[in-house]
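Below: the structure, in structure tokens.
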Amino acid sequence: MKKDDTVVVLGCGPVGLLTIKWAIFKGAKRVIAVDCVDYRLNHAKNYKGVETINLEDYDDTGEYIKELTGGGADVVIDCVGMDGKMSTFEKIESMLKLQGGSKSAIEIASRSIRKYGTVSMVGVYGARYNLFPLGDFFSRNITLKMGQCPAQAYVDPILKLIKEGKFDATDIITHKLSLDEGTHAYDIFSNKKDNCIKVILKP
1 MKKDDTVVVL GCGPVGLLTI KWAIFKGAKR VIAVDCVDYR LNHAKNYKGV
51 ETINLEDYDD TGEYIKELTG GGADVVIDCV GMDGKMSTFE KIESMLKLQG
101 GSKSAIEIAS RSIRKYGTVS MVGVYGARYN LFPLGDFFSR NITLKMGQCP
151 AQAYVDPILK LIKEGKFDAT DIITHKLSLD EGTHAYDIFS NKKDNCIKVI
201 LKP
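Residues in the sequence shown are numbered consecutively from 1, following the UniProt record's numbering.
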């Protein structure tokens, strides 16, 4: 993304929330957060100027974002991946290993991005994926970026920003538990209990 871009972030889990903060830090003109979990959207609202959308409120969230932004966002970042909500048909496909994950996030991305925009897939897609809107991306000259994060390349410069107090990555931590409580930690995170966003386990 570039300074003054309009950025849509799909998913307000730990990765999505930090993506939102980074977009603000890098000078995005407008940041729109999308999720279906209210407490995560409420957390995103704490960040200066962030607009939030609950995808449950719209039949076509992507089209709504396109209208809201006057033609689509400059950048859409999918922080959902395979963990998104799945229809019954998608669940059957996934169980039969015909497809992995929900297509809703990538469909929202395809419908909410402007011509010549960029869609970045940060969320993990580790299995086959049917009905990928490739033709839609191709016809509108969309740039696609995806892949595992080269974390080692980013750790030092980001850690420096954190140490200097220029970037706060701690506000997403909602629970600090002992290592013995690991099972409970996974339960509240995976099942979105107790307003859990990020758990730190301490030995």
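Note that beta-carbon positions come from the ideal geometry of N, C-alpha and C, so glycine has one too. From a predicted model like this one, the values you see are computed outputs, not experimental measurements.
(1) Cα separation between P157 and A28?
(2) Could you tell me which uninterrupted beta strand (DSSP E) segments, each at least 3 residues in length, are contained entirely in the stretch 117-183, listed from first to last along the chain?
(3) For D78, write down the residues that DSSP places opposite it in a beta bridge.
(4) How many angstroms separate the CA atom of I53 from the CA atom of M82?
(5) Buried or exposed for S120, going by 16 or more other Cβ atoms inside 10 Å?
(6) Have a look at S139, S190, D168 and V124 and flag the residue whose alpha-carbon is nearest the alpha-carbon of G147.
(7) Between which two residues does the beta strand (DSSP E) containing N54 stretch?
(8) Below 8 Å on the Cβ atoms is my guess for I197 versus L17; work out the distance and round it to an integer in Å.
(9) Compute the Euclidean distance between the alpha carbons of K145 and A109, then round it to the nearest angstrom.
(10) Check the DSSP bridge columns for D194 and list the partner residues they point to.
(11) Apart from the five residues just before and just after T61, which ones in its own chain have a Cβ nearer than 7 Å to its Cβ?
(12) For K48, does the three-state DSSP call read helix, strand or coil?
(13) State the Cα-Cα distance for the pair R111 and K66, rounded to the nearest angstrom.
(14) Please go through the same chain and pick out, in chain order, the residues whose beta-carbon is closer than 6 Å to the beta-carbon of T69, but skip the five residues on each side of it.
(15) For A105, does the count of other Cβ atoms within 10 angstroms reach 16, so buried, or fall short, so exposed?
Let me spell this out:
(1) Using only the alpha carbons, I get a separation of about 20 Å.
(2) Counting only runs of 3 or more, we get 143-146 and 173-178.
(3) Partner residues in the beta bridge of D78, as assigned by DSSP, are L10 and M121.
(4) Rounded to whole angstroms, I53 to M82 spans 20 Å at the Cα level.
(5) Counting Cβ neighbours within 10 Å, S120 comes out buried, since at least 16 surround it.
(6) G147 has its Cα closest to that of V124, out of S139, S190, D168 and V124.
(7) For N54, the enclosing beta strand (DSSP E) starts and ends at E51 to N54.
(8) 7 Å between Cβ atoms; contact.
(9) Taking the straight line joining both Cα atoms gives about 12 Å.
(10) Answer is none; D194 lacks a bridge partner.
(11) Contacts found: V34, I53, L55 and I108.
(12) Here K48 sits in coil by DSSP.
(13) Roughly 7 Å between the two C-alpha positions.
(14) Contacts found: T6.
(15) Counting Cβ neighbours within 10 Å, A105 comes out buried, since at least 16 surround it.
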